[in-house]
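Under full-length UniProt numbering, the first residue of the sequence shown carries the number 1, and numbering increases by one thereafter.
No residue lacks a Cβ here, since even glycine has one placed at the ideal position from N, Cα and C.
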Amino acid sequence: WLAKIILAPTGYGHFTIEHNRGHHRDVATPDDPASARMGEGIWRFALREYPGAVRRAWKLERSRLERLGLSAWSLQNEILQPLLITIIFYIGMVVWLGWRVLPFLVLSGMWANFQLTSANYVEHYGLLRRKLADGSFERCQPHHSWNSNHMFSNWALFH
1 WLAKIILAPT
11 GYGHFTIEHN
21 RGHHRDVATP
31 DDPASARMGE
41 GIWRFALREY
51 PGAVRRAWKL
61 ERSRLERLGL
71 SAWSLQNEIL
81 QPLLITIIFY
91 IGMVVWLGWR
101 VLPFLVLSGM
111 WANFQLTSAN
121 YVEHYGLLRR
131 KLADGSFERC
141 QPHHSWNSNH
151 MFSNWALFH
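If you want it as structure tokens, here you go:
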């Protein structure tokens, strides 16, 4: 729940589903909207990554709920839960501070989301796992990510 609460003010509640169940599985493959292609600029990547991540998160969550015999529109939907928190938070802020706060909320949310998108862009830019004879991809290895364990990058990313 902590991740849902932290991501809710930015309207990015789908991220935990997509990142943990989709991106970690498909990283550095053409199936991953959160892995930047060689030669792809960050703006083009962001415009491909965000809608692709939302679609995949919804598909993953819908499948999970169907296996449990639940509707995708139930309150057990882990995308709708943070979305509901987002809506309540935005309404609360508008009631407290007035409509003028809404552009700030939207723009600061977009900026925060772009930071996660930028991290995905840098961490996997141009990396591609080899496709095996059986159609699957090779196991993900450390060289499929441009991670850096340096002090400055850890501080900048709050690690």
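Secondary structure note for residue 85: its alpha helix (DSSP H) is the uninterrupted segment 80-97.
Taking the CA atoms as reference points, residue 89 sits about 26 Å from residue 119. A distance below 8 Å separates the beta carbons of residue 28 and residue 127.
Contact between residue 5 and residue 85 is confirmed by a C-beta separation of about 7 Å, below the 8 Å threshold. By a beta-carbon distance limit of 8 Å, residue 60 contacts residue 22. Their separation comes to about 6 Å. The Cβ-Cβ distance between residue 57 and residue 65 does not fall below 8 Å. Relative to residue 131, the option among 2, 13, 31 whose CA is nearest is 31.
Within the stretch 101-133, not a single complete beta strand (DSSP E) segment reaches 3 residues in length. Ranked by how close their Cα comes to the Cα of residue 39, the residues 100, 122, 68 have 122 in first place.
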